[in-house]
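Chains as they are written, first to last, in my numbering: chain A, 285 to 519; chain B, 428 to 673.
Backbone N, C-alpha and C fix where the C-beta goes; we use that ideal spot for every residue, glycine too.
All figures in this text were calculated on a predicted structure; none of them were measured in a lab.
Below: the structure, in structure tokens.
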């Protein structure tokens, strides 16, 4: 399974400066998914742990927005089944970490004022910006073509419900003195296993990406300037 | 919008097909087939709904069984109520015996009888002076328990959690009798594995671990571990095996 770093509930309260009351309230409102509560027995008894990056990022975003948005609205953004027609303002997406002109270009998106993106476009931008450091240009193209062709309402719902990753793979095939390398894009659970000749070039947690996009949409009503980027990107 | 919905009152034994009604009142033995939507539902006899129920107010003073989920603004159970699905009820008052097989989510829950929840019980405010058994998490901003029977929850979490012995049980002879009937001889105490909150004051509580900012462990408590952030008071008549300031 995941070798994600875990953080105890006590640490979350301390690091984020929040109270038990807030944490339980946010859980009740559906702002923190049930699946993130990982119960382990420790020497002090049962304790709850969370995936470190996810919880700290989520809590920071909730803290950011809770004074300007009712908790129920935030919950709508996070828990709502994704609407394939969801529109995301380009302005917002540009504020996401790692998104620059070259990413937009790689995704074939022309910048313009008041431009809105489809959820597929937004996922492309997010995935490309994360894979850019390790992937080749033609692989980035494959990634965005895959997302545009394959992400439909049903897949969006699966991404919302559980963790699905986009895996960028390379495989070398050789025989008869000829050797070729092919690139593959697979959307599968994070712990998918591939054959031994496959090298993983990059992986994007689509659920996490979608959450960020949706939170960005919610934050967009705050107006420009307050779009603080997430404290830490993934590995 | 003109309201042309019908009102139905069943006083004998009868069957009703589901639908959208203004008022449904079951005084005899009535069964509703399918999903039921109504402004007001009153069950004073024996009523059963086989589908989902959606209403503004529901009152059960006889025996009411809801086979599907229930959504309501207000629900009062003074007889015996049972919900087989999840319940979303803004204001829930239970002075009789009530059982929810799924989760109960609410804004305000008041229990003076007995409530049993198969999943989680979530509310902004939870007040109990009777008994309860929550198989999952009991979570509320404010948890106020006046031990009036056997109380248990797998876990309890919230902002302020107060547990007091010798409940402020409502001075109703009938209610007293009812509670006793269901919970004869049961000691008034709270049992749980863990309690987490910002302000915690406990009496008559047995728990593996209590974690909180400001914690008071009062008489009759048996706690294996207390982890507190600011202050801890332990009463002479309480047992705390291990305490750590974190």
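Anything in the region 299-310 of chain A with a Cβ closer than 7 Å to a Cβ of chain B? List those residues in chain order, please. 303, 304, 305, 308 and 309
Measuring straight from C-alpha to C-alpha, what distance separates residue 505/B and residue 583/B? As a position in the second chain, residue 505/B is number 78, starting the count at 1. As a position in the second chain, residue 583/B is number 156, starting the count at 1. Computed Cα separation, rounded: 25 Å.
Given a limit of 8 Å on CB to CB distance, which residues of the region 311-324 of chain A reach chain B? 311 and 312
By the 7 Å beta-carbon criterion, what residues does the region 570-592 of chain B contribute toward chain A? 584, 585 and 586
Where do the N-terminal and C-terminal ends of the beta strand (DSSP E) with residue 384/A fall, by residue? Numbered from 1 along the first chain, position 100 holds the residue referred to as residue 384/A. First-last for residue 384/A: undefined, no H or E at that position.
In whole angstroms, give me the CA-to-CA distance for residue 475/A and residue 388/A. Along the first chain, read from residue 1 onward, the residue named residue 475/A stands at position 191. Along the first chain, read from residue 1 onward, the residue named residue 388/A stands at position 104. Looking at the two C-alpha atoms, the distance is approximately 29 Å.
Less than 6 Å between C-beta atoms, sequence neighbours within five positions excluded: which residues of the same chain meet that for residue 569/B? Position 142 of the second chain, counted from the first residue, corresponds to residue 569/B. Taken in chain order, the residues that qualify are 552 and 587.
DSSP-derived helix/strand/coil call for residue 296/A: The residue you call residue 296/A lines up with position 12 of the first chain. Of the three classes helix, strand and coil, the one that applies to residue 296/A here is helix, per DSSP.
Residue-chain proximity (residue 625/B, chain A), Cβ-Cβ < 7 Å: As a first step, residue 625/B must be located in the second chain, where it is residue number 198. Yes, because at least one Cβ of chain A sits closer than 7 Å to the Cβ of residue 625/B.
Please report the residue range of the alpha helix (DSSP H) in which residue 475/A lies. Taking the first residue of the first chain as 1, we reach residue 475/A at position 191. Unbroken run through residue 475/A: none, as it is neither H nor E.
Enumerate in chain order the residues of its own chain whose CB-to-CB distance from residue 528/B is below 6 Å, with the five nearest sequence positions on each side excluded. What you label residue 528/B is simply residue 101 of the second chain in a count that begins at 1. 511 and 545.
Assign residue 428/A to buried or exposed, taking buried as 16 or more other Cβ atoms, counted over all protein chains shown, within 10 Å of its Cβ. Start at 1 with the first residue of the first chain, and residue 428/A comes out as number 144. Buried.
Compare the C-beta of residue 496/B with all C-beta atoms of chain A and state if any pair is closer than 7 Å. Counted from its first residue, the second chain places residue 496/B at position 69. Cβ-Cβ to chain A under 7 Å: no for residue 496/B.
Does the CB of residue 294/A have a neighbour CB from chain B at under 7 Å? By 1-based counting over the first chain, the position of residue 294/A is 10. Closer than 7 Å to some Cβ of chain B, the Cβ of residue 294/A qualifies, so yes.
Find the residues of chain A that neighbour residue 409/B, judging by a C-beta separation of less than 8 Å, and give them in chain order. The question about residue 409/B has no answer here: the residues shown for chain B are numbered 428 through 673.
With residue 375/A as the anchor, note down where its alpha helix (DSSP H) starts and where it stops. For the purposes of this step, residue 375/A is taken as residue 91 along the first chain, with counting starting at 1. The continuous alpha helix (DSSP H) containing residue 375/A extends over residues 374-378.
Sequence-distant residues of its chain with Cβ nearer than 7 Å to residue 290/A (five each side left out): By one-based count along the first chain, residue 290/A stands at place 6. Taken in chain order, the residues that qualify are 322, 333, 334, 335 and 336.
Look up residue 618/B in the DSSP assignment and say whether it is helix, strand or coil. Walking along the second chain from the start, residue 618/B turns up at place 191. Correct three-state label for residue 618/B: strand.
Contiguous beta strand (DSSP E) assignments of at least 3 residues, all confined to the region 479-567 of chain B: 480-487, 490-493, 497-504, 507-510, 514-521, 524-527, 531-538, 541-544 and 548-555
In the DSSP assignment, find the alpha helix (DSSP H) that holds residue 641/B and state where it starts and stops. Residue numbering aside, residue 641/B sits at position 214 when the second chain is read from its first letter. From DSSP, residue 641/B is part of no alpha helix (DSSP H) but of the beta strand (DSSP E) over 632-644.
Backbone secondary structure at residue 597/B - three-state DSSP: Within the second chain, the letter at position 170 stands for residue 597/B. Low confidence applies here, because residue 597/B scores a pLDDT of 45, under 50, leaving its location unreliable and the question unanswered by this model.
For the region 450-458 of chain A against the region 484-498 of chain A, do three or more pairs of beta-carbon atoms, one drawn from each stretch, fall closer than 8 Å, so that the two count as touching? yes
Proximity test, Cβ basis, 7 Å: residue 330/A and chain B: For the purposes of this step, residue 330/A is taken as the residue at position 46 of the first chain. With 7 Å as the cut-off, residue 330/A counts as an interface residue toward chain B.
Any Cβ of chain A within less than 7 Å of the Cβ of residue 513/B? In the second chain, the residue the question calls residue 513/B occupies position 86. Chain A, which has no Cβ nearer than 7 Å to the Cβ of residue 513/B, makes this no.
Mind checking which residues open and close the alpha helix (DSSP H) that includes residue 413/A? Walking along the first chain from the start, residue 413/A turns up at place 129. First-last of the alpha helix (DSSP H) with residue 413/A: 403-415.
Are residue 457/B and residue 446/B close, meaning C-beta to C-beta below 7 Å? As a position in the second chain, residue 457/B is number 30, starting the count at 1. As a position in the second chain, residue 446/B is number 19, starting the count at 1. Taking 7 Å as the Cβ cut-off, residue 457/B and residue 446/B do not qualify as a contacting pair.
Rounding to the nearest angstrom, what Cα-Cα distance links residue 592/B and residue 303/A in this structure? Stepping through the second chain from its first residue, residue 592/B is reached at position 165. Stepping through the first chain from its first residue, residue 303/A is reached at position 19. Between residue 592/B and residue 303/A, the C-alpha separation is close to 27 Å.
Smallest Cα separation from residue 486/B: which of 646/B, 530/B, 662/B and 470/B? Translated into the one-based positions of the second chain, residue 486/B becomes position 59. When each option's Cα is compared against that of residue 486/B, the closest is 470/B.
7 Å Cβ cutoff, residue 621/B in contact with chain A: Counting from one through the second chain, the residue named residue 621/B turns up at place 194. Under the 7 Å criterion on CB atoms, residue 621/B is classed as interfacial with respect to chain A.
State the DSSP-derived secondary structure class of residue 428/A, mapped to helix, strand or coil. Reading the first chain from its first residue, position 144 is the one you call residue 428/A. In the structure shown, residue 428/A sits in a helix (DSSP, three-state: H, G or I).
Taking 6 Å as the limit between beta carbons, can you name the residues of its chain near residue 671/B, skipping five residues before and five after? As a first step, residue 671/B is located in the second chain; it is residue number 244 there, counting from the start. Once the five neighbours on either side are set aside, the close Cβ partners of residue 671/B are 654.
Take the Cβ of residue 622/B as the centre, count every other Cβ of all protein chains shown within 10 Å, and call the residue buried at 16 or more, exposed below. Sequence index remark: in the second chain, residue 622/B carries index 195 (1-based). Taking all protein chains shown into account, residue 622/B has 16 or more neighbouring C-beta atoms within 10 Å of its C-beta and is therefore buried.
Between the CA atoms of residue 351/A and residue 342/A - distance to the nearest angstrom: Position 58 of the first chain holds residue 342/A. Position 67 of the first chain holds residue 351/A. Near 15 Å, if we compare the C-alpha coordinates of residue 351/A and residue 342/A.
Check whether the region 422-440 of chain A and the region 459-466 of chain A are in contact - that is, three or more C-beta pairs closer than 8 Å. Short answer: they don't touch.
As a quick exercise: from 618/B, 448/B and 440/B, pick the residue whose alpha carbon is nearest that of residue 434/B. Along the second chain, read from residue 1 onward, the residue named residue 434/B stands at position 7. Distance from the Cα of residue 434/B is smallest, within the candidate group 618/B, 448/B and 440/B, for 448/B.
I'd like to confirm the pairing. Which residues does DSSP put opposite residue 316/A in its beta bridges? Position 32 of the first chain, counted from the first residue, corresponds to residue 316/A. DSSP, once it has assigned bridges, lists no residue as partnering residue 316/A.
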